[in-house]
Amino acid sequence: MPVSESQNLFAALRAAFPQDLDTAAVETDGALVYSWRDLERATAMLANLLASLGIPEGSRIAVQVEKSVEAMMLYLATLRAGYVFLPLNTAYQSAEIEYFVGNAEPAVVVCSAKNFGWISKIAFKAGTRHVFTLNDDRTGSLLDRAAHFSDQHKAVTRSADDLAAILYTSGTTGRSKGAMLTHGNLLSNARVLKDCWGWKRGDVLIHALPIFHVHGLFVALHGALLNGSKMIWLGRFDPQLAITKMAEATVFMGVPTLYVRMLAEQSLRLEAVRHMRLFISGSAPLLLETFNEWKDRTGHTILERYGMSETIMLTSNPYRAEDGERRGGTVGFPLPGVGVRVRGDDGVEAKPGEIGNIEVRGPNVFKGYWRMPEKTREEFTGDGWFKTGDVGKIDAGGYVTIVGRSKDLIISGGYNVYPAEIEGYINDMPGVAESALVGVPHPDFGEVGIAVVIAKPGAKLDGEQIVAQLKSQLANFKIPKRCFVVSELPRNTMGKVQKNLLREEHKQLFS
Ligand code: MLC
Ligand code: AMP
Numbered sequence: 004m005p006v007s008e009s010q011n012l013f014a015a016l017r018a019a020f021p022q023d024l025d026t027a028a029v030e031t032d033g034a035l036v037y038s039w040r041d042l043e044r045a046t047a048m049l050a051n052l053l054a055s056l057g058i059p060e061g062s063r064i065a066v067q068v069e070k071s072v073e074a075m076m077l078y079l080a081t082l083r084a085g086y087v088f089l090p091l092n093t094a095y096q097s098a099e100i101e102y103f104v105g106n107a108e109p110a111v112v113v114c115s116a117k118n119f120g121w122i123s124k125i126a127f128k129a130g131t132r133h134v135f136t137l138n139d140d141r142t143g144s145l146l147d148r149a150a151h152f153s154d155q156h157k158a159v160t161r162s163a164d165d166l167a168a169i170l171y172t173s174g175t176t177g178r179s180k181g182a183m184l185t186h187g188n189l190l191s192n193a194r195v196l197k198d199c200w201g202w203k204r205g206d207v208l209i210h211a212l213p214i215f216h217v218h219g220l221f222v223a224l225h226g227a228l229l230n231g232s233k234m235i236w237l238g239r240f241d242p243q244l245a246i247t248k249m250a251e252a253t254v255f256m257g258v259p260t261l262y263v264r265m266l267a268e269q270s271l272r273l274e275a276v277r278h279m280r281l282f283i284s285g286s287a288p289l290l291l292e293t294f295n296e297w298k299d300r301t302g303h304t305i306l307e308r309y310g311m312s313e314t315i316m317l318t319s320n321p322y323r324a325e326d327g328e329r330r331g332g333t334v335g336f337p338l339p340g341v342g343v344r345v346r347g348d349d350g351v352e353a354k355p356g357e358i359g360n361i362e363v364r365g366p367n368v369f370k371g372y373w374r375m376p377e378k379t380r381e382e383f384t385g386d387g388w389f390k391t392g393d394v395g396k397i398d399a400g401g402y403v404t405i406v407g408r409s410k411d412l413i414i415s416g417g418y419n420v421y422p423a424e425i426e427g428y429i430n431d432m433p434g435v436a437e438s439a440l441v442g443v444p445h446p447d448f449g450e451v452g453i454a455v456v457i458a459k460p461g462a463k464l465d466g467e468q469i470v471a472q473l474k475s476q477l478a479n480f481k482i483p484k485r486c487f488v489v490s491e492l493p494r495n496t497m498g499k500v501q502k503n504l505l506r507e508e509h510k511q512l513f514s
């Protein structure tokens, strides 16, 4: 099959590069400018390096590095060479990395030089033969090695069904599951979003999110690349800098916390956003308060959309006024080609406005969980719809609203925290009889986890010590912001902990 017929996502993104490859593709907050030719050449060199390793088709390339343009190029090179990209949050610590690497068995692991000691040990133990380093200052063995390779590379032919990436998402019970996304999933979704959000010539994206989750890696990056649009690249989110850069940009994407933080800046005024075309929010619920305040301060109506790792984007508020208003508190309409339905626990489809479980299908829905056929089966209905674990409703006009989650999950600043995982760590501590982690409202992160713990008879526990111990074991965003030691947990008649009562009791904690 010639490359033009290939469904390789990289080839499709490459085809959208502007004619003049010497124009700027990425400008960083460190004043570096990368041209489209730089992206073309560097991804070729990296793809040639990967291909030279003699690793089998379908090999996973696991990457835990700080955000950098080179890290983005490594993602593109992995697609180009036909391998499977496995991004890992930089906050993950050794037990978390050990699990992901053990489960995914990557052929290549790329990490920051500062972590090489412990990560290479984990990788070699899991059978990985190649461990490279990549730092956010353009150094590391990966780039040193790639420098010896040709800057010409023909993208490997891939079919729509071939794997492009695995994204780990934690489960409500048991271990994390690797959601397998194909070239077809990613490309079809990117094309739909390009049209829905009216990407046009001259658009410039402020890329402010991490590149190890769906939002920053796929939605933002593919959006800009598929439109041949320049990106203003922020290594880490700085609200003041983001506002300053709006004078040169047109599109911004963020989780609600980013909007809350920008609203706290005096400089966020009408003049600051005059050049902007579109503000998009997602990954967590955008409070109506934030939506309204943003409109008052900037004159812009944030477009909220909804998605997840297993499905990429599912719904979006309308971009064009003729398609309807952008309604705060809702996540808009199903994207073209995406089926969204709401059903009760009894499987009966909900009437307009009735609350139930959200189920979805479409070309964007993932292929299944990596090496977990049982779990995959459990998460799909008999007639092939994916159970999102979100609870919501669709009104008579077709707007989807998320009202809660049937999965026990906390979304904190756009990161997912699974209570079962944290409770497991707390319960393993000496003297702990039982624990419960619940999410409570937080002005900055939207929601944060707090722990409520019961000691074993005779044991003395200290909440601060529990938190300190968790800090040495888990990614920082998973750490409960408070830990209370109590004598009993509220239970229902079946003996199940009533987390809703704990949430109610502590809901004012951070107000
Ligand atoms: C940081 N901290 C958090 C946190 N981020 N706590 C809870 N939740 C979070 N999200 C804590 C750290 O543990 C630390 O605590 C302190 O805050 C400072 O850490 P930091 O790393 O300096 O924080 P900061 O840089 O300010 O990060 C905040 C943030 C970041 C909002 C910029 O969390 C972020 O980039 N969030 C975006 C996540 C994202 O991209 N989600 C998309 C998922 S895709 P201490 O105690 O150690 O000081 C998805 C699908 C979809 O959901 O629909 O898009
Ligand atoms: P993840 O598994 O990290 O991809 O997170 C996906 C989850 O984020 C979804 O199942 C939703 O619960 C939540 N989510 C994403 N976008 C929104 C949104 N706009 N509003 C509410 N929840 C959202």
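Numbered by our numbering, the letters in the sequence shown go through residues 4 to 514 in order. All C-beta atoms, glycine included, are put in the ideal place defined by N, C-alpha and C. Quantities reported herein were computed from a predicted structural model and do not represent experimental measurements.
Indicate the three-state DSSP secondary structure (helix, strand or coil) for residue i in the structure shown.
| i | result |
| --- | --- |
| Asp386 | coil |
| Arg204 | coil |
| Asn11 | coil |
| Ile58 | coil |
| Asn360 | strand |
| His218 | helix |
| Val254 | strand |
| Val6 | Because Val6 sits at a pLDDT of 43, beneath the cut-off of 50, its placement in the model cannot be relied upon, and the point is left open. |
| Trp373 | coil |
| Ala74 | helix |
| Val394 | strand |
Start and end of the alpha helix (DSSP H) containing residue i?
| i | result |
| --- | --- |
| Gly187 | 186 to 199 |
| Tyr421 | Neither: Tyr421 is in no alpha helix (DSSP H) and is coded neither H nor E. |
| Ile469 | 466 to 474 |
| Leu137 | Neither: Leu137 is in no alpha helix (DSSP H) and is coded neither H nor E. |
| Gly105 | 97 to 107 |
| Gln243 | 242 to 248 |
| Gly120 | 119 to 128 |
| Ala227 | 224 to 229 |
Which whole-angstrom value is the C-beta distance of residue i and residue j, which I expect to be below 8 Å?
| i | j | result |
| --- | --- | --- |
| Tyr86 | Gln67 | Wrong, their Cβ atoms sit about 16 Å apart, outside the cutoff. |
| Thr260 | Gly416 | 4 Å |
| Asn360 | Val345 | 7 Å |
| Val341 | Val363 | 6 Å |
| Tyr402 | Phe336 | 7 Å |
| Ile315 | Phe221 | 6 Å |
| Met48 | Phe152 | 5 Å |
Out of the options, which has the shortest C-alpha to C-alpha gap to residue i?
| i | options | result |
| --- | --- | --- |
| Ile558 | Leu440, Lys233, Ile235 | Lying before the first or after the last residue shown, residue 558 is absent from the chain, which here runs from 4 to 514. |
| Pro444 | Gly385, Tyr418, Leu512, Gly498 | Leu512 |
| Lys510 | Gly452, Asn419, Arg494, Val489 | Gly452 |
| Ile358 | Leu212, Lys378, Ile397, Pro288 | Ile397 |
| Gly387 | Val368, Met375, Thr404, Val112 | Val368 |
| Gly181 | Ser490, Tyr322, His216 | His216 |
| Gln472 | Phe282, Tyr428, Phe255 | Tyr428 |
| Gly331 | Leu12, Ala423, Leu82, Phe282 | Phe282 |
| Glu274 | Thr301, Leu291, Val29 | Thr301 |
Need the endpoints of the beta strand (DSSP E) that residue i sits in, please.
| i | result |
| --- | --- |
| Thr318 | 315 to 319 |
| Ser415 | 413 to 415 |
| Tyr171 | 166 to 172 |
| Ser144 | No beta strand (DSSP E) holds Ser144; the alpha helix (DSSP H) holding it covers 144 to 149. |
| Thr301 | Where Thr301 is concerned, there is no enclosing beta strand (DSSP E), although the alpha helix (DSSP H) it sits in stretches over 291 to 301. |
Evaluate residue i with the Cβ neighbour count: other Cβ atoms within 10 Å of its Cβ, from every protein chain shown; 16 or more gives buried, anything less gives exposed.
| i | result |
| --- | --- |
| Gln22 | exposed |
| Met497 | exposed |
| Ala65 | buried |
| Arg329 | buried |
| Gln10 | buried |
| Asp41 | buried |
| Pro288 | buried |
| Ser475 | exposed |
| Thr46 | buried |
| Asn495 | exposed |
| Glu491 | exposed |
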